[in-house]
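First the structure, in the form of structure tokens, and then the observations on it.
Numbering (our numbering), first residue to last: 46 to 452.
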């Protein structure tokens, strides 16, 4: 690593040295032609240009390496203007000294004389000062733009890694819930256990195939959800009523794509946490589709629980009772607590999954379902989604809306 940094430093130094040599060589040549005495360029013209560049170079060096970083870069424009003015005066004096004294000592075989007036000398020096200032600003701008691009690339890479981690966490979450359902069938010695294992294998095949995809056709995602519902129905048998409306217009659905394994979180939570309200255990799934919006609503019956409504998305999370009272001031309903635990009317913790009477093992609610869904929605549909979570005394409803048309 250190050797790579050393090599990179040498390359940068070599590049800048080459740039300086090219700039000053071109400048000396141009002024030599500009001040040429005869039709053709003579050696004396080149030496005259070199002597002229002693004052030009001094002014440029002071401006580029002292005044700009010390004053202009620190937002001190008045001090910078005073410093540049003083430098130009010093440059005029150095120019006169060069041609009145230094030229005779350095080139005794030539006779040099500066025929430029003070304003003309100041104009040349000011032009070079302005030019080099613009060059410095352009370098700073490009350097800052490069840093911004690097930061954006780093941020995108970090987000991608976080998303991959979320995807890896979603798969065990799904597998945990599915195995829990099969466990219930095995405990009951149900004849459906074998069919459930086959359904699970198909679900896992889809999960593995599309885990790394950014989007899949909506009809494939809905087929996956329907297979999951079939698996859960084997567990619930006749103890629950599952109402499914996932059959939008086929031509419209064919134009839609969606992030894989996104909607399944809501379906999993509904089956995992549903409980009878009285004698009825009901789970309802509904999909409404238009050219520019998708609305997916999942509701399930729950035990009697304080009625709460939470709306989330691009704005703040606010909870309301069924009487319309705000809980912001008297009761905290954190997204990472009750609402983030998934479609449940229970407090996070150990609870019995599904309807009473099913031989399901007690499980600890991890709260990962809705939490992961929120993060993935924020990543893929940052400003084009809305997630509403609503508690009622006997029903829990989650509604996801995605705007933006076929994506």
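We treat Cβ as the ideally placed atom computed from N, Cα and C, and that holds for glycine.
*Return the bridge partner residues of residue 225 from the DSSP annotation.*
Bridge partners of residue 225: none, in fact.
*Does the beta-carbon of residue 200 have 16 or more other beta-carbons within 10 angstroms, so that it is buried, or is it exposed?*
exposed
*With a 10 Å radius around its C-beta and 16 neighbouring C-beta atoms as the bar for buried, classify residue 387 as buried or exposed.*
Residue confidence for residue 387 is low, a pLDDT of 40 falling below 50, so the modelled location carries little weight and cannot support an answer.
*When burial is assigned at 16 or more other CB atoms within 10 Å of the CB, is residue 416 buried or exposed?*
buried
*asked:* Let me check one thing: in DSSP terms, what residues is residue 134 bridge-paired to?
replied: Note: residue 134 sits in no beta bridge, so no partner.
*Can you find a C-beta in chain C that's less than 8 Å from the C-beta of residue 224?*
Here there is only one protein chain, and chain C is not present.
*So which of 114, 189 and 102 has the shortest CA-CA distance to residue 137?*
102
_With a threshold of 7 Å on Cβ separation, who are the neighbours of residue 272 within its own chain once the five nearest residues in sequence on each side are excluded?_
244, 247 and 248
*Could you work out which residue in 319, 338 and 232 is closest to residue 429 when comparing CA atoms only?*
338
*Could you check if residue 55 is buried or exposed, using at least 16 other CB atoms within 10 Å of its CB as the buried criterion?*
exposed
_Using the three-state DSSP reduction, which class does residue 320 fall into: helix, strand or coil?_
coil
*When you compare only the Cα positions, how much space is there between residue 99 and residue 111?*
17 Å
*Specify the secondary structure class of residue 342 as computed by DSSP and reduced to three states.*
strand
*asked:* Taking contact to mean 3 or more Cβ pairs, one atom from each stretch, closer than 8 Å, check whether the segment 320-339 and the segment 275-294 are in contact.
replied: yes
*Helix, strand or coil: how does DSSP classify residue 231 here?*
helix
_Using C-beta distances below 8 Å, list every residue in its chain close to residue 177, excluding the 5 sequence neighbours before and after it, in chain order._
105, 108 and 109
_Within 8 Å, do at least three Cβ pairs link the segment 88-95 to the segment 115-124?_
no
_Can you give me the C-alpha to C-alpha distance between residue 334 and residue 294, rounded to a whole angstrom?_
8 Å
*Look up residue 333 in the DSSP assignment and say whether it is helix, strand or coil.*
strand
*Could you check what DSSP says for residue 328 in three-state terms: helix, strand or coil?*
strand
*On the three-state DSSP scale, how would you describe residue 125?*
helix
*asked:* Could you compute how far the alpha carbon of residue 185 sits from the alpha carbon of residue 79?
replied: 31 Å
*According to the neighbour-count rule (16 or more other Cβ atoms, all chains shown, within 10 Å of its Cβ), is residue 409 buried or exposed?*
Low confidence applies here, because residue 409 scores a pLDDT of 42, under 50, leaving its location unreliable and the question unanswered by this model.
*Check residue 262 in the structure and name its three-state DSSP category.*
strand
*What residues in its chain sit with their C-beta under 7 Å from that of residue 148, if we drop five residues either side in the sequence?*
96 and 157
*Presumed contact (8 Å Cβ cut-off) between residue 441 and residue 345, rounded CB distance*: 6 Å
*Locate the beta strand (DSSP E) running through residue 90, then write down its first and last residues.*
No beta strand (DSSP E) holds residue 90; the alpha helix (DSSP H) holding it covers 88-107.
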